[in-house]
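In what follows, a single structure is set out as structure tokens and then discussed.
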Amino acid sequence: MEELRKDNQGKSNSGTENKNRHSRDGVEHDVTELQSEEPYAGNPHVRFCEGVNPRGFTLLELLAVLVILAALATIAIPIFINKGGTTREIAHNENVRTLQKQAQAYLLSLDTMPATGADILQPMVTAGFIKETPTNPIGSGTGSGVYTVIMNANGTVTVSPDIVPVTGTAVGGDSGEEESGETFICNPPNLVAGMTEQNFNGTDFIPATEQEKTDKSWYSYRADLDQDAADRVANEKWANAKLLDGSLFVWIPRYTYKITEAASGKIEIKYSNGTTDDTTDGFKAHPAFTWDSTTQLTGIWVAKFEASSNGGIVQVKPGIASWRTITVDAIYTACRAMQITNSATYGINSDTAVVDTHMMKNSEWGAVAYLAEAIRDRDEIGINDNSSYYTGGSSTVATVYTNATNKEMSTTGNAYGIYDLNGGAWEYVASYVANGNGSLTTYGNSLVTAATKYKDALTLSPVNTDMGQSENYIYTGTTLLQTDGMALHEVMSSYTGTSTFQGYEDYQYFPYSTNPFFIRGGFYVHGTSAGAFAGNYGNGSADSSGSFRPVLLGLE
């Protein structure tokens with residue numbers, strides 16, 4: 005029986021080829037350009053209405069205008085002149101949050117951490133992470149207008165003065181609570197009991213502080229998906245959470261998507277609000293966020309790295325050789341056992357109505373790949389070319405998270421993303437062509453007999469065990485359209501060879517006959533043919549180059 009495909013079709017290289025191809029088209033306008041425009045002359049949107057005397061106002065109209073101006077003044081004066089005490093408190097708190105977030109971004113950019121106790125505020129200004137030193141709008145006396153951003157021994161920072169309670173009522177509001185001015189960007193992480201929020205301290209992930217949890221600065225998904233690479237690396241912080249055993253998972257918020265052209269187009273996404281999807285203008289609901297006929301998800305937790313083995317129990321950690329030489333049947337069982345049998349190891353609930361763990365499906369792989377491409381836009385994730393299969397590309401944790409080459413192996417280009425989607429080991433996913441071939445039950449019986457929600461099975465009617473690659477590709481994609489969201493037909497140009505999508509040249513071999521299972525991501529030696537959009541086939545047997553990763557769901 006044929007094992008996982010390892011050939012390079014003439015494209016083999018050392019795996020060190022730089023695959024980053026980042027380009028953007030856009031126009032930036034300086035503020036001074038906008039200020040120089042004539043505000044009224046020649047503007048077709050500023051004109052008199054028909055039937056209105058253009059020579060002046062009536063007395064009644066003038067009174068109405070004065071009332072409106074007075075109302076606007078009650079809002080504009082406190083906000084822009086900062087005379088209201090409540091407004092100054094809100095402004096101060098926003099200053100603190102901004103300094104905290106930008107300090108973390110600044111630290112991520114450094115090769116050497118500042119000395120403990122150092123005030124890094126001025127270096128942040130010099131490096132361009134904040135435009136200028138902000139003035140504290142509250143307090144009185146010597147030093148009252150001064151902020152400090154102090155480096156702590158554990159790699160975190162302390163901003164002083166700290167956030168203060170907001171007193172009174174914010175102007176324009178109807179309660180005594182602070183109005184931060186934040187707008188909805190994406191669904192917040194659905195943390196299950198046993199998960200702890202994590203923040204990166206410059207060398208490793210540590211538990212987020214209570215303040216970071218409160219102000220939600222331990223994660224950041226940017227509203228501007230057209231950010232350039234430098235902005236993405238500095239500010240795109242996908243939420244990381246750790247289980248009791250130290251396994252790390254990353255939050256993928258629910259979204260809808262659109263692919264303008266399969267070959268060279270752009271993947272666009274719109275984050276969903278709760279389970280409400282915006283499918284206007286050609287956007288599609290993504291199947292990864294539909295769990296079953298009654299359960300819609302606000303997001304999914306995806307293993308940060310390829311899985312590794314801790315005495316036959318799944319773990320997800322950096323710098324450890326991935327778990328390989330394992331059948332699809334055993335992978336499915338091990339991932340389900342995380343919640344069913346070994347929940348105490350991870351500190352999670354054993355109730356299947358509350359938490360679920362399972363083998364990653366094609367649709368879930370696609371959800372990560374599409375989101376990564378949406379924020380990277382033709383800047384391909386770097387390959388994990390480590391020949392020892394170390395997760396994150398190194399046996400040293402600090403190297404995984406801080407080395408420039410290793411950080412590029414992450415979806416975000418920094419420590420906060422998901423690793424090993426490009427290279428490392430091939431990853432079996434819980435997906436197959438249901439062609440009735442004996443390999444399905446020989447190597448993947450527990451998956452094949454599992455409930456529909458645990459697998460992406462592409463159906464054939466009638467079942468044909470000998471149908472070839474081209475027939476399977478055409479039938480499951482073009483005819484039945486079963487693969488939306490899976491990073492298959494939507495980005496593939498054929499059923500064999502390499503894809504033309506974004507010029508990445510990722511493998512695109514479709515399962516068939518005795519090799520009905522999907523494998524994703526590529527092998528560490530595959531060079532340009534490996535990648536987040538790479539797809540191939542396997543018979544489901546234990547192979548030295550085949551690994552996997554689990555997904556965790558919060559169902560409450």
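Using my numbering, the letters of the sequence shown correspond one by one to residues 5 to 560. Every residue gets a Cβ at the ideal spot worked out from N, C-alpha and C, and that includes glycine. Predicted model only: the values in this text are computed from it and were never measured.
Residue i (DSSP reduced to helix, strand or coil)
i, result
"V100", "helix"
"Q300", "strand"
"S367", "helix"
"E310", "coil"
"I478", "helix"
"F204", "strand"
"N410", "helix"
"I142", "coil"
"G526", "coil"
"V196", "coil"
"M128", "helix"
"V175", "For V175, the predicted model reports a pLDDT of 33, less than 50, meaning its position is unreliable; a value from the coordinates is still stated below. The answer is coil: DSSP assigns V175 none of H, G, I, E or B."
"A292", "helix"
"V404", "helix"
"V320", "coil"
"S399", "coil"
"A461", "strand"
"K270", "coil"
"Y513", "coil"
"Y394", "strand"
"L111", "helix"
"G218", "Rather than Gly, the amino acid found at residue 218 in this sequence is Thr. DSSP places T218 in helix when its eight states are reduced to three."
"F552", "coil"
"I154", "strand"
"A95", "helix"
"G501", "coil"
"G558", "strand"
"S533", "helix"
"T329", "coil"
"G286", "helix"
"Y507", "For the sequence presented, residue 507 should be read as Gly rather than Tyr. Three-state DSSP puts G507 in a helix."
CB contact check: residue i to chain D, cutoff 8 Å
i, result
"S164", "No chain D is present in this structure, which holds just one protein chain."
Cβ-based neighbour list, residue i, same chain, cut-off 7 Å, excluding 5 preceding and 5 following
i, result
"D281", "T260 and A289"
"M342", "V318, Y350, T361 and P554"
"Y477", "Y499 and F514"
"T445", "V452"
"V404", "P322, G323, G396, G397, S398 and N410"
8 Å Cβ cutoff met for residue i and residue j
i, j, result
"L111", "G206", "yes"
"V555", "W305", "yes"
"T283", "R258", "no"
"S533", "R328", "no"
"D381", "K270", "yes"
"Y541", "P515", "yes"
"A107", "V161", "yes"
"P118", "M155", "yes"
"M413", "F552", "no"
"V153", "L125", "yes"
"T463", "A438", "yes"
"V163", "L103", "yes"
"N565", "D249", "No statement about residue 565 is possible, as the shown extent of the chain runs from 5 to 560 and does not include it."
"S450", "N519", "no"
"I324", "Y394", "yes"
"L252", "F287", "no"
Residues near residue i in its chain [Cβ-Cβ closer than 8 Å; skip 5 each side]
i, result
"D166", "V100 and Q215"
"D285", "K262"
"T331", "Y447, G448, G544, S545 and A546"
"K135", "V129"
"T137", "L125, Q126, V129 and Y151"
Same chain, Cβ closer than 6 Å to residue i, five either side skipped, listed in chain order
i, result
"A491", "G370, A373 and F537"
"I387", "G19, N426, G427 and A534"
"V254", "W242, N244, V306, K308 and I422"
"D510", "S503, G535, F537 and A538"
"E560", "V358"
"G489", "H290, P291, S367 and G370"
Discussion item. Going residue by residue through the segment 231-265, where are the continuous alpha helix (DSSP H) segments of at least 4 residues, counting only ones entirely within it?
Written reply: 233-239
Discussion item. Please give the ranges of any beta strand (DSSP E) in the segment 426-457, keeping only runs that are unbroken, at least 3 residues long and fully inside the region.
Written reply: 430-438
Discussion item. Check whether the segment 425-442 and the segment 520-527 are in contact - that is, three or more C-beta pairs closer than 8 Å.
Written reply: Output reads yes: the segment 520-527 touches the segment 425-442.
Item to complete: Evaluate contact between the segment 414-424 and the segment 222-238, counting only Cβ atoms and requiring at least three cross-stretch pairs below 8 Å.
Response: yes
Item to complete: Let me know the alpha helix (DSSP H) ranges lying completely inside the segment 333-387, each 4 residues or longer, listed in chain order.
Response: 347-350 and 366-380
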